[in-house]
Amino acid sequence: MQYRTINWEVLPNPLRPEEKTIGLLTLNRPEHLNAVDVTMRVELDVLLDEIRHQSHVRAIVITGAGRGFSAGGDLRSEAGPLGAGEPDFDMGNFGPYKELAHYFFNDLRHSVLQQCFRKFEDLEAITIAAINGPAVGIGLELCTLCDLRFASDRAKLGEVAVPAGFLPESGGARNLPKIVGVGRALELILTGRIIDATEAERIGLVERVIPHDKLIEEAMQFAGQVAANPYLSVRYAKQLVKHYWNMNRTDEGWGRELSAIKEITRTKDCQEGIRAFLGKRKPEFRGPYYDNSPF
0 MQYRTINWEV
10 LPNPLRPEEK
20 TIGLLTLNRP
30 EHLNAVDVTM
40 RVELDVLLDE
50 IRHQSHVRAI
60 VITGAGRGFS
70 AGGDLRSEAG
80 PLGAGEPDFD
90 MGNFGPYKEL
100 AHYFFNDLRH
110 SVLQQCFRKF
120 EDLEAITIAA
130 INGPAVGIGL
140 ELCTLCDLRF
150 ASDRAKLGEV
160 AVPAGFLPES
170 GGARNLPKIV
180 GVGRALELIL
190 TGRIIDATEA
200 ERIGLVERVI
210 PHDKLIEEAM
220 QFAGQVAANP
230 YLSVRYAKQL
240 VKHYWNMNRT
250 DEGWGRELSA
260 IKEITRTKDC
270 QEGIRAFLGK
280 RKPEFRGPYY
290 DNSPF
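For the sequence shown, numbering that gives the first Met the number 0 begins at 0 and goes up steadily by one.
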C-alpha cells in the first residue's frame, strides 16, 4: 500500500549489514508538524497490521519528518466532526441525521486511534521513539507507548489536552504516571506545561538526550544492538516486562478512556478550545454543555 502521511522502511542492521531487521517508521506530514489527522490514523492502523506479519523486523525506530515528532491531533482537519467548524465533506447529505452524523464521525475517529495505538503497543518488536522536536498531545502519548524514548536536545514534550478542553485519549493517563510517577504526571496533564529534553531526562520520561544531528544514527545503532541479540530472548524479555507493566491494562480501562473522550469532545468547552486554538487566542471556558452553566 502506498502511504501519504507515513513512511515505512526496513533497513539493514548497522551492526550486521547483511540482515535487514530494523524498521524505520516516519510520521510524514512535516508541513503540519506531523499532526495526526484521520488519514494518518487509518494509514497507521493498516501499516501496523502489515508490521505484525513482518517477523524479521526485530526493532523499530519511530520519528517525525522535518523539525518535529508530532504536534498531536490535527484540530484544523477535525474541527468539523467535533462541531467547532465546518466539516470537509457535505453534511447536508445526512438530512435530519446531521447532528447524529457529527457524533458518529467524532466517536469513530477516537475508536480508530485507540485501536491503532493498542496495536502499536502490542508489537513484538522493540520500539524506540526518536523524538526529534516537539512531541505534544497524541504525539507524546505515542512516545509513551514505545519501549524506549531517545530525545534530541531540541525536543519539547507536553500533554496539552486538558487546558485545550480535551483529555488524554490514547493511553497517556495510564502510561505517563507509570513512567514519571503520579504526581509529576498529573502536574503535566493538568497544566499542559511543555518541558525540554533535559527535564524530560531528569524525570525519567526519556532514557537519553542526544545531539540533534546524531539522534537517528544513535537510535538506529541501539536498535541494531537489540536486534543482534537472540530473537527469543529479546521477545520474551519484552513480553515479561510488559506483562507486569500492563497488569492493570484492561479492556475496562480502555473503555473508560474512550467513553470519557467521547463525552468531552461533545461539549461546548471542547468546541471553544478548538476555536481558540484556530483563532490563536486564549479560550474562555464557560461550562461543558451550556454557555451559562455554573459547572
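The beta carbon of each residue, even a glycine, is placed where N, CA and C say it ideally should be.
The beta carbons of N12 and T25 sit about 18 angstroms from each other, so the pair does not count as a contact at 8 angstroms. In this structure, I125 lies away from A150, with their beta-carbon atoms at least 7 angstroms apart. Counting C-beta pairs closer than 8 angstroms gives fewer than three between the segment 195-210 and the segment 28-42, which falls short of the contact rule.
For N228 and E200, the gap between their C-alpha atoms comes out near 26 angstroms. If you look at F149, you'll find it in the beta strand (DSSP E) that goes L147 to S151. DSSP places P11 in the strand class (E or B) of the three-state scheme.
In the DSSP secondary-structure assignment, D195 is bridged to K155. If only complete runs of 4 or more residues are kept, the segment 207-279 shows the alpha helix (DSSP H) at 214-226, 230-244, 250-263 and 267-278, in order along the chain. Annotation: the continuous beta strand (DSSP E) that includes G63 extends over A58 to G63.
The DSSP-derived three-state label of G171 is helix. Membership of A184 in the alpha helix (DSSP H) is indicated by the continuous run V181 to T190. Scanning R265, R285 and A275 for the CA closest to the CA of Y102 turns up R265.
A residue is called buried once 16 or more other Cβ atoms fall within 10 Å of its Cβ, and H52, having fewer, is exposed. Pairing K177 with C269, the inter-Cα distance amounts to about 27 angstroms. Within its own chain, the residues whose Cβ lies closer than 8 angstroms to the Cβ of I137, once the five positions on either side in sequence are excluded, are V35, S69, G71, G72, L112, E168 and S169, listed in chain order. I59 and I127 have their C-alpha atoms spaced approximately 6 angstroms apart.
Look at P282 here: in three-state DSSP terms it is coil, with no helix or strand label. Here L23 carries a strand assignment [DSSP, helix/strand/coil]. Only residues of its own chain outside the window of five on either side were considered, and among them R40, L43, D44 and L47 have a CB closer than 7 angstroms to the CB of C115, listed in chain order. For I125, the uninterrupted beta strand (DSSP E) segment begins and ends at I125 to I130. With a 10 Å radius around the Cβ and a threshold of 16 neighbouring Cβ atoms, S76 comes out buried. In the DSSP assignment, V45 falls within the alpha helix (DSSP H) that extends over V37 to I50. In the pairwise beta carbon analysis, the segment 215-222 is classified as not touching the segment 174-189: fewer than three pairs are separated by under 8 angstroms. For A226, same chain residues with a beta-carbon under 7 angstroms away, outside a window of 5 residues either side, are N12, T20, I21, R57 and A58 in chain order. DSSP places G138 inside the alpha helix (DSSP H), whose first and last residues are I137 to L144. Ranked by Cα distance from K155, the first of V161, L139, K261 and A163 is L139. A residue is called buried once 16 or more other Cβ atoms fall within 10 Å of its Cβ, and H55, having fewer, is exposed. In the three-state scheme derived from DSSP, where H, G and I count as helix and E and B as strand, A134 is classed as strand. With contacts defined as CB atoms closer than 7 angstroms, G67 and P133 qualify as a contacting pair. In summary, G223 is buried, with 16 or more beta-carbon neighbours lying within 10 Å of its beta-carbon over all protein chains present.
Exposure of G182 is indicated by the presence of fewer than 16 other C-beta atoms within 10 angstroms of its C-beta.
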